[in-house]
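Residue numbers (the numbering used here), protein chains in the order written: chain P, 7 to 255; chain Y, 7 to 255.
Number of protein chains: 2
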Amino acid sequence: MTADRTESSQEAFLASYDPHAFPPFAVTVDVVLLTVREHELSVLLVERDTHPFRGRLALPGGFVQPDEDLESAAVRRLERETGVRRSTAHVEQLGAFGDPARDPRMRVVSVAYLVFAPDLPAPVPGARTRSVAWVPVGDVDPATLAFDHEQVLGAGVERARAKLEYTPLAAAFVGDTFTVADLRRVYEAVWGGALDPRNFHRKVTGTPGFLLPVGRPAPVGPEGGRPAALFRRGDATSLRPAMLRPGSA
Amino acid sequence: MTADRTESSQEAFLASYDPHAFPPFAVTVDVVLLTVREHELSVLLVERDTHPFRGRLALPGGFVQPDEDLESAAVRRLERETGVRRSTAHVEQLGAFGDPARDPRMRVVSVAYLVFAPDLPAPVPGARTRSVAWVPVGDVDPATLAFDHEQVLGAGVERARAKLEYTPLAAAFVGDTFTVADLRRVYEAVWGGALDPRNFHRKVTGTPGFLLPVGRPAPVGPEGGRPAALFRRGDATSLRPAMLRPGSA
DNA sequence: CGAATAGTGTCTCTCAGACAATATTGC
DNA sequence: GCAATATTGTCTGAGAGACACTATTCG
Chain P
7 MTADRTESSQ EAFLASYDPH AFPPFAVTVD VVLLTVREHE LSVLLVERDT HPFRGRLALP
67 GGFVQPDEDL ESAAVRRLER ETGVRRSTAH VEQLGAFGDP ARDPRMRVVS VAYLVFAPDL
127 PAPVPGARTR SVAWVPVGDV DPATLAFDHE QVLGAGVERA RAKLEYTPLA AAFVGDTFTV
187 ADLRRVYEAV WGGALDPRNF HRKVTGTPGF LLPVGRPAPV GPEGGRPAAL FRRGDATSLR
247 PAMLRPGSA
Chain Y
7 MTADRTESSQ EAFLASYDPH AFPPFAVTVD VVLLTVREHE LSVLLVERDT HPFRGRLALP
67 GGFVQPDEDL ESAAVRRLER ETGVRRSTAH VEQLGAFGDP ARDPRMRVVS VAYLVFAPDL
127 PAPVPGARTR SVAWVPVGDV DPATLAFDHE QVLGAGVERA RAKLEYTPLA AAFVGDTFTV
187 ADLRRVYEAV WGGALDPRNF HRKVTGTPGF LLPVGRPAPV GPEGGRPAAL FRRGDATSLR
247 PAMLRPGSA
């Protein structure tokens with residue numbers, strides 16, 4: 007159920023209804039935007055220029071508008087504040103965070119969204135956005151984050167690590183076409199350890215629907231070596247059996 | 007980030023702050039309480055006696071109070087409306103549902119919680135609760151549910167099916183001590199198919215930390231047969247490798 | 001003993017991890 | 001050729017599915 011009142015006629019009820027009679031909540035969205043840059047899993051953080059937490063780093067986000075869907079609100083912040091377009095990224099809900107003390111001003115419930123995006127040319131600060139930067143998640147000092155964003159970020163990173171195990175979503179971190187080595191570097195960055203290139207190759211190419219070969223022969227290699235085959239992401243939505251994270255047996 | 011204003015002094019900001027200046031949202035919790043009864047995965051539904059959706063079935067739930075944590079609000083509804091105590095059940099957040107049209111009265115964001123509980127002696131309708139009933143999830147007519155509860159229930163059931171694969175949470179559906187067959191019937195009910203009792207036995211007893219043998223020799227059998235050994239749930243939090251859902255290779 | 005359920009053992013196949021060997025490119 | 005990366009192949013051990021067989025209880 008959702009809201010509850012004791013009235014007998016629906017019309018009378020709606021007419022007598024006063025939204026302000028309910029505990030006033032604000033609802034916001036926060037975006038945990040992850041990418042892999044220079045072999046490191048990184049999150050996009052903005053610097054706050056208003057109270058509270060002025061000068062502290064925070065996840066991009068903001069209020070949900072009265073007629074706006076939650077995910078639309080998150081995507082709007084994503085596009086406006088980070089320049090990432092929805093069509094190039096994976097977006098999923100991470101969860102709701104509603105500790106009564108999480109915002110000193112009023113009661114705020116924030117719905118967090120998790121986004122995987124390829125490494126973009128530049129962070130593209132949005133219109134009314136102050137400084138914005140990619141920060142490797144290992145370099146984030148938890149004490150410097152605003153609100154409960156340490157907790158939100160932690161949940162996002164843990165979700166990302168789990169998702170790579172049983173979905174083909176690693177492909178959301180790379181461009182439209184990519185090599186097996188590109189994909190392997192995503193796994194290595196997110197999980198934080200080296201994977202055997204040969205076993206990895208066998209696993210991903212042997213999983214139906216994960217990778218589609220692109221006819222185009224091959225790109226170039228930066229430090230030489232045999233050119234790799236190019237792939238596009240397939241239509242699989244889950245990995246069975248899962249990719250196994252090394253240190254988890 | 008969470009809420010945002012342009013003010014230079016924190017004191018001035020807080021003093022000038024007016025909660026009603028923000029879009030008024032109501033925040034509710036909905037509880038997807040699942041159990042296994044008579045070999046069927048069942049959900050607890052209540053019948054609404056007020057508009058909107060009067061007479062329709064709905065998930066238990068209600069408003070979050072101003073100083074109440076989201077999970078506390080869900081647990082409060084669980085205990086008051088269903089008689090299930092928190093200590094005997096597994097509780098986790100399922101997600102936020104905030105379609106602008108989900109409640110005809112006002113903008114409501116609902117945070118859904120998923121609860122696994124053992125089959126209790128009786129549904130124990132709470133204090134101010136109208137009729138309440140366990141309904142096998144396969145028998146729920148989606149069109150009869152209030153609000154977007156069809157969607158919420160669907161997400162809860164799917165989450166439950168997935169959780170049984172890679173966590174030992176099936177034990178949350180049975181009592182304090184249980185047999186391997188009890189546990190197998192949980193998997194069969196949630197996944198909706200028969201499992202080989204012998205392979206199942208080998209898997210669950212061979213997974214470290216899943217089951218703890220109880221010294222007590224054995225209970226009785228309803229239709230005869232060798233008495234089964236009793237177990238208590240172990241301290242494992244994940245299953246590696248996972249239990250594999252049959253029709254998913 | 002027969003029926004019913006509990007629990008063990010065996011066989012096969014898939015697959016992950018370790019790692020050798022081959023292929024293809026730039027210099 | 002040499003260095004570097006890509007890709008294939010081989011071996012081994014863990015574990016899942018199929019299923020025969022043994023154990024224990026009740027009537």
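Glycine included, every Cβ here is placed at the ideal spot set by N, Cα and C.
Remember, predicted model here, so these are calculated numbers, not experimental data.
Within 10 angstroms of the beta-carbon of G212 of chain P lie fewer than 16 other beta-carbons, which makes it exposed. Within the region 61-72 of chain P, the residues whose Cβ lies closer than 9 angstroms to any Cβ of chain Y are, in chain order, A64, L65, P66, G67, G68, F69, V70, Q71 and P72. Cα atoms of T34 of chain Y and R190 of chain P: separation of roughly 42 angstroms, rounded to the nearest angstrom. With 16 or more other CB atoms across the displayed protein chains lying within 10 angstroms of its CB, H155 of chain P is buried. With contact defined as three or more Cβ pairs closer than 8 angstroms, the region 116-128 of chain P and the region 177-197 of chain P are in contact. Taking 8 angstroms as the upper bound for CB-CB distance, F237 of chain Y and F28 of chain P are not in contact here, some 47 angstroms apart. The alpha-carbon separation between V163 of chain P and A248 of chain P amounts to approximately 18 angstroms. When rounded, the separation of the alpha-carbon atoms in H96 of chain Y and F206 of chain Y is 23 angstroms. Taken through DSSP and simplified to helix, strand or coil, G160 of chain Y comes out as helix.
Counting only residues of its own chain and dropping the five nearest sequence neighbours on each side, R108 of chain Y has a CB closer than 6 angstroms to the CB of F153 and D154.
Residue environment: S48 of chain P is assigned as buried (16 or more neighbouring CB atoms within 10 Å of its CB, all protein chains considered). Judged by DSSP in its simplified three-state form, F179 of chain P adopts helix. Take Y193 of chain Y, set aside five residues on each side of it, and the residues of its chain with a beta-carbon closer than 8 angstroms to its own are L170, A176, L201, F206 and M249, in chain order. According to the DSSP assignment, H207 of chain P belongs to the alpha helix (DSSP H) that extends over P203 to G212.
V115 of chain P reaches chain Y at F31, V33, V70, L76, A102, V115 and V117, counting residues in chain order whose Cβ is nearer than 9 angstroms.
Look at the region 46-114 of chain Y and you find these whole runs of beta strand (DSSP E), each 3 residues long or longer: 46-53, 67-69 and 96-103. Assigned with DSSP and collapsed to three states, V220 of chain P falls in coil, not helix or strand. Secondary structure at T185 of chain P: coil, using DSSP grouped into helix, strand and coil. Leaving aside the five residues that flank P252 of chain P on each side, the residues in its chain whose CB is nearer than 8 angstroms to its CB run, in chain order, W197, G199 and L201. Around the Cβ of A166 of chain P, a 10 Å sphere holds 16 or more other Cβ atoms; the residue is buried. At a Cβ-Cβ threshold of 7 angstroms, V37 of chain P and A80 of chain P count as neighbours. The beta carbons of A161 of chain P and L76 of chain P sit no closer together than 7 angstroms.
Under DSSP, R239 of chain Y shares a beta bridge with Y:L217. Contact of Q157 of chain P with chain Y by beta-carbon distance below 7 angstroms is absent, the smallest such distance being about 12 angstroms. At a C-beta separation below 8 angstroms, D147 of chain P has no neighbours in chain Y, since its nearest C-beta there lies roughly 17 angstroms away. If you check the CB distance, L50 of chain Y and L39 of chain Y come in under 7 angstroms. Contact between A235 of chain Y and H45 of chain Y is ruled out by a C-beta separation of about 21 angstroms, above the 8 angstroms threshold. For A102 of chain Y against A102 of chain P, the beta-carbon gap comes to about 4 angstroms, under 8 angstroms, which counts as contact.
Under a criterion of Cβ atoms nearer than 7 angstroms, the residues of chain Y adjacent to F28 of chain P are, in order, A32 and F69. Separation of the CB atoms of L84 of chain P and L159 of chain P is rounded to 16 angstroms, and the pair is thereby denied contact status at 8 angstroms.
Around the C-beta of S93 of chain P, fewer than 16 other C-beta atoms lie within 10 Å, and the residue is accordingly described as exposed.
With fewer than 16 other Cβ atoms from the protein chains shown falling within 10 Å of its own Cβ, A149 of chain P counts as exposed.
Residues F31, A32, V33, T34, A102, F103 and G104 of the same chain have their beta carbon placed closer than 8 angstroms to that of V115 of chain Y, with the five preceding and five following residues left out of the count. One alpha carbon belongs to R60 of chain Y, the other to S244 of chain P, and they sit about 40 angstroms apart. At a cut-off of 7 angstroms, the C-beta of P106 of chain P has a neighbouring C-beta in chain Y.
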